[in-house]
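The structure appears right after this line, and notes come after that.
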Amino acid sequence: MTVAHKWTFALFALVFFGGVHAQQTHPDAPFLCEGGDGSSDQTTLAEVVGDGRAHFVAGTDDCPSTADRCREKAYLIPGDQVLAGDVRGDYACVMFPDNQDGHAGWLPRNRLRPVLAQPSPSAWEGDWVQGDNRITIRHDNGMLRADGEAYYPMADPPPDQFPGGPNLGAMGGEARPSGHHATFVDDACEVSAFLVGKFLVVSDNHQCGGLNVRFDGIYRRR
Numbered sequence: 180m181t182v183a184h185k186w187t188f189a190l191f192a193l194v195f196f197g198g199v200h201a202q203q204t205h206p207d208a209p210f211l212c213e214g215g216d217g218s219s220d221q222t223t224l225a226e227v228v229g230d231g232r233a234h235f236v237a238g239t240d241d242c243p244s245t246a247d248r249c250r251e252k253a254y255l256i257p258g259d260q261v262l263a264g265d266v267r268g269d270y271a272c273v274m275f276p277d278n279q280d281g282h283a284g285w286l287p288r289n290r291l292r293p294v295l296a297q298p299s300p301s302a303w304e305g306d307w308v309q310g311d312n313r314i315t316i317r318h319d320n321g322m323l324r325a326d327g328e329a330y331y332p333m334a335d336p337p338p339d340q341f342p343g344g345p346n347l348g349a350m351g352g353e354a355r356p357s358g359h360h361a362t363f364v365d366d367a368c369e370v371s372a373f374l375v376g377k378f379l380v381v382s383d384n385h386q387c388g389g390l391n392v393r394f395d396g397i398y399r400r401r
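Below you can see the structure in the form of C-alpha cells.
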C-alpha cells in the first residue's frame, strides 16, 4: 500500500446535530471526510482499481469535483484497500489505514470496487494494539471472541499530572463476522471493528469505560 506523503487526520471525528446523535448507542462513524456529514449508515471495504494513481479530492469550496484545484497531492494505487462510507455524487468518502494515523478523503467512485471475499475467522485472530490500548481476538467455530483494555490518557501517566492513575475501560463479547466487519457487545459497551488488510479499524459508542476512555483507532497486530 502506497501513499504520497505523511499527513495527520482526526480519526473518528463526528458531527452532532441536536440531541438525537448525542444519545446514540451505536459506535460512531469510523471516519469523516472534509465536507462530509457522516450520514451514511453503511461502511464497506473497497479496493482501488483502474490505471495509475487515484488522487484524493478536497471536499470544500465546491469540491469534490474534477477541477484541478480540488485535486490533492495524496494518492493511492490500484490494489490499496480502503473503508468507504458517505457518497457525494461521483465521489465516495474513504479512509485508508496506514502505519501512521491513516487518511480520510474523497475518491472517485469509478476508482473503487467492493471487496466481497470474506476473510477466514483466523484472519481476525491476534493481539491488536494501538498505543497502550489492546484488543485480543480469538476464534472458535466461526465465532470471534474479544476482550480488550483501554486507558486515558495512557496506561502509566505521570503521577504529578494524574495522581489517581489513568481512567480505565474494557470491552468484550462474541461476534459472528459479516464480511470484514464485526460488532462486539458487552453490556452497554459496543465496539465496531473492520478488518482492513493488516489493520483493525475500531470505533466504540462512548460507553466502554471512564471519562475520555475510547477504543477508537487503527490497531496493528503485535
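According to my numbering, the sequence shown is numbered sequentially starting from 180.
No residue lacks a Cβ here, since even glycine has one placed at the ideal position from N, Cα and C.
Given the structure is predicted, the values throughout are model-derived calculations rather than measurements.
Annotated three-state conformation of C272 is strand, per DSSP.
Listed in chain order, the non-local C-beta contacts of G229 below 8 angstroms within the same chain comprise P257, N289 and R290, local neighbours out to five positions each way being set aside. In the DSSP assignment, the residues bridged to Q309 are N312. Short of 8 angstroms from the beta carbon of V375, and not among the five residues preceding or following it, lie these beta carbons of its own chain, in chain order: L224, Q260, V261, L262, P276 and H359.
Per DSSP, the unbroken alpha helix (DSSP H) holding S301 starts and ends at P300 to W303. N384 sits buried, since 16 or more C-beta atoms from the chains shown fall within 10 Å of its C-beta.
In the structure shown, the three-state DSSP call for R267 is strand. Taking the Cβ atoms as the reference, F394 lies roughly 20 angstroms from M322, outside the contact range of under 8 angstroms. Secondary structure at N391: coil, using DSSP grouped into helix, strand and coil.
The three-state secondary structure of D326, taken from DSSP, is strand.
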